[in-house]
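**Q** Dropping the structure in here first, questions after.
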DNA sequence: CAGTGGTCTAGACCACTTC
DNA sequence: AAGTGGTCTAGACCACTGC
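Chains as they are written, first to last, in our numbering: chain P, 26 to 271; chain Z, 26 to 271.
Written out as structure tokens, the structure reads:
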């Protein structure tokens, strides 16, 4: 019979959660090193005086979090330290600016409906001559341009976009609200501002900018590509992570 | 009685997984809009001809993924599109270089044991005069410097680091292997290379660099701070995400 | 072939919340 | 007060796999 760490910092209400926390703390503390074979389910059943389902629930979650590996007939083993994966929260630009305590303003710079070219195909996986909308917008924080947004939207995936007026509302929230998405990919780079970008952002040409490119798909169909350019000194992406968070 | 989408692209082996996929696809397709009250557990039990536990497992996972919200006495409801959160995989630099097909080389530039100053306190939440090690290393891809690593390690948290020779092995893998960590935070920025960094990376002064700063804690105690500087044209962080991935 | 984890059941009690 | 989700049980069958 094993004593549960009920005196832990935060009390876990459910039994399977306490079991999970207990095993997790043994792993994180180093008491159970990578490769260690943790007790079998039926042993934990006795130790915690509960049914196998309850133990299984805890172990299944630990396995999903990558802390343990489970093998039939062999048992469950503590994983090697996992490849570090950080959760990046991507906020709405409006919120970002307002959290800085600055007045937010949005401005549509350019809006063109056209057929896709080969260059578009590199941004979004669409065939040539696909109808699309190309948008260029600016997000202001006070009087400064906080971010430059360049976007193309696949009209085959989002026909409604053709009838939508993006001069008042920014395309990002509209897309998030109206279009389901199943998959996305980010690329984050540091690039030097070219003359055009420099003029828009009000920084010297060649200055460092943070560029975020995002492609979004829905059910295998490309939806939109966006390139956000931030002045390097005005923006940082922040990511927090912990080794196992359900 | 409801027909399961068994003809889906990828066959889900378990029943609760098929139920999960089925409900998820209804949400992603827009058939069940945000706010829609999904059938009660006992209704789904009938629809899928299974026990409540099985339905519950699927719904619990969907709730954990943020796709639905569950309320006692009211039911389960489709969530509003969640704030976009991307999973950033942080790879070992060695792997990164080798995946580019380039020979990897590591070089320790500087290693100093000293007491912390106020400047260190801004990087890592430690008090003044805490013993620490300061390291400066270079990671080469072929003949070019791929990344510059500047690190401090809290010797109160990692006393072993004082006796470790970092001239042969890079501190990151050593730390990952030897020190459990419970929490970390990244900040990703674009900065201009100063003269020193420019000389090391072999780029013009002022050129755009991608900087990743990471602080790591274990059980509330600060462990290490590292600042990685990549030449802007050589590196991009890539993150993929989907709205619900267990 | 024996024992592991993977999955599922039918039923139970409870806390909470809205009615 | 009634019905929801949250949790747990005791037992079952199965597939896989290392002995």
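All C-beta atoms, glycine included, are put in the ideal place defined by N, C-alpha and C. Nothing here was measured: the structure is a model prediction, and the numbers come from that model.
Taking C-beta pairs closer than 7 Å, name the residues in chain Z that residue 205 (chain P) reaches, listed in chain order.
**A** Within chain Z, the residues near residue 205 (chain P) are 53, 54 and 55.
**Q** Beta carbons nearer than 9 Å to chain Z: which residues of the segment 225-240 of chain P have them?
**A** Going along the segment 225-240 of chain P in chain order, one finds 229, 231, 232, 233, 234, 235, 236, 238 and 239 with a Cβ nearer than 9 Å to chain Z.
**Q** Can you find a CB in chain Z that lies within less than 9 Å of the CB of residue 60 (chain P)?
**A** So no, residue 60 (chain P) is outside the interface.
**Q** Which residues does DSSP pair with residue 165 (chain P) in a beta bridge?
**A** DSSP output for residue 165 (chain P) lists P:130 and P:170 as bridge partner(s).
**Q** Looking only at C-alpha atoms, which of Z:256, Z:249, Z:144 and Z:264 sits nearest to residue 208 (chain Z)?
**A** The candidate whose alpha carbon is nearest that of residue 208 (chain Z) is Z:249.
**Q** If you count every other CB in all the chains shown that lies within 10 Å of the CB of residue 234 (chain Z), and 16 or more means buried, which is it?
**A** Label assigned to residue 234 (chain Z): buried.
**Q** Compute the Euclidean distance between the alpha carbons of residue 46 (chain P) and residue 87 (chain Z), then round it to the nearest angstrom.
**A** Answer to the nearest angstrom: the Cα atoms are 21 Å apart.
**Q** Under 9 Å between the Cβ atoms of residue 24 (chain P) and residue 139 (chain P)?
**A** What the structure shows of chain P is the stretch from 26 to 271, and residue 24 (chain P) is not part of that stretch, so it cannot be assessed.
**Q** Excluding sequence positions up to five away, which residues of its chain have a Cβ less than 6 Å from the Cβ of residue 241 (chain P)?
**A** So the list reads 206, 209, 248 and 249, once near-sequence residues are dropped.
**Q** Using a C-beta cutoff of 9 Å, does residue 263 (chain P) count as contacting chain Z?
**A** Yes, contact with chain Z.
**Q** What residues of chain Z sit near residue 187 (chain P), judged by a beta carbon separation below 9 Å?
**A** Under the 9 Å cutoff, chain Z gives no residues; its nearest Cβ is about 18 Å from residue 187 (chain P).
**Q** Can you pull the chain Z residues whose beta carbon is under 7 Å from the beta carbon of residue 214 (chain P), in chain order?
**A** Here the neighbours are 235, 257 and 261.
**Q** Please report the straight-line C-alpha distance between residue 144 (chain P) and residue 238 (chain Z), rounded to a whole angstrom.
**A** One C-alpha to the other measures close to 34 Å.
**Q** Can you list the residues of chain P that residue 144 (chain Z) reaches, using a CB-CB cut of under 7 Å?
**A** Residues of chain P passing the Cβ test: none, with the nearest at roughly 19 Å.
**Q** List the residues of chain P that residue 217 (chain Z) touches, going by C-beta distances under 8 Å, in chain order.
**A** Result: 232, 233 and 257.
**Q** Are the beta-carbon atoms belonging to residue 215 (chain Z) and residue 223 (chain Z) less than 9 Å from one another?
**A** Against a cut-off of 9 Å, the Cβ pair of residue 223 (chain Z) and residue 215 (chain Z) comes out as no contact.
**Q** Between the Cα of residue 218 (chain Z) and the Cα atoms of Z:90, Z:253 and Z:85, which residue gives the shortest distance?
**A** Comparing Cα-Cα distances from residue 218 (chain Z) to each of Z:90, Z:253 and Z:85, the minimum goes to Z:253.
**Q** What separation, rounded to the nearest whole angstrom, lies between the Cα atoms of residue 123 (chain Z) and residue 77 (chain P)?
**A** Distance between the alpha carbons of residue 123 (chain Z) and residue 77 (chain P) is about 44 Å.
**Q** Please state the DSSP three-state secondary structure of residue 103 (chain P).
**A** Three-state DSSP puts residue 103 (chain P) in a strand.
**Q** Looking at the unbroken beta strand (DSSP E) that takes in residue 96 (chain Z), where does it start and where does it end?
**A** That run of the beta strand (DSSP E) goes 93-96.
**Q** Rounded to whole angstroms, what's the CA-CA distance from residue 272 (chain Z) to residue 80 (chain P)? Just pull it up for me.
**A** Absent from the structure is residue 272 (chain Z), since the part of chain Z shown begins at 26 and ends at 271.
**Q** Leaving aside the five residues before and after residue 119 (chain P) along the sequence, list all residues of the same chain whose C-beta is less than 8 Å from its C-beta, in chain order.
**A** Result list for residue 119 (chain P): 129, 131, 164, 195 and 198, in chain order.
**Q** For residue 115 (chain Z) versus residue 211 (chain Z), is the C-beta spacing smaller than 9 Å?
**A** A contact, by the Cβ cut-off of 9 Å.
**Q** For residue 67 (chain Z), tell me which candidate among Z:229, Z:54, Z:101 and Z:52 has the shortest Cα-Cα distance.
**A** Selected option, being the one with the closest Cα: Z:101.
**Q** Within 10 angstroms of its Cβ, does residue 256 (chain P) collect 16 or more other Cβ (buried), or is it exposed?
**A** So residue 256 (chain P) counts as buried.
**Q** My output table needs one value for residue 202 (chain P): the three-state DSSP class, helix, strand or coil.
**A** Reduced to three states, the DSSP call for residue 202 (chain P) is helix.
**Q** Kindly provide the ranges of any beta strand (DSSP E) runs that are 3 or more residues long and lie completely inside the segment 220-248 of chain Z, ordered along the chain.
**A** Taking only runs of at least 3 residues, the beta strand (DSSP E) segments lying wholly in the segment 220-248 of chain Z are 233-243.
**Q** Return the residue from the list P:171, P:82, P:55 and P:59 that minimises the CA-CA distance to residue 42 (chain P).
**A** Ranking P:171, P:82, P:55 and P:59 by Cα distance to residue 42 (chain P) puts P:82 first.
**Q** Use the C-beta contact count for residue 183 (chain Z): other C-beta atoms within 10 angstroms, 16 or more gives buried, fewer gives exposed.
**A** So residue 183 (chain Z) ends up on the buried side.
**Q** Kindly indicate which three-state DSSP category residue 156 (chain Z) falls into: helix, strand or coil?
**A** The answer is strand: DSSP assigns residue 156 (chain Z) an E or B state.
**Q** Taking 6 Å as the limit between beta carbons, can you name the residues of its chain near residue 39 (chain Z), skipping five residues before and five after?
**A** Contacts found: none.
**Q** Relative to the alpha-carbon of residue 166 (chain P), which residue among P:227, P:180, P:181 and P:221 has its alpha-carbon at the smallest distance?
**A** Residue 166 (chain P) has its Cα closest to that of P:227, out of P:227, P:180, P:181 and P:221.
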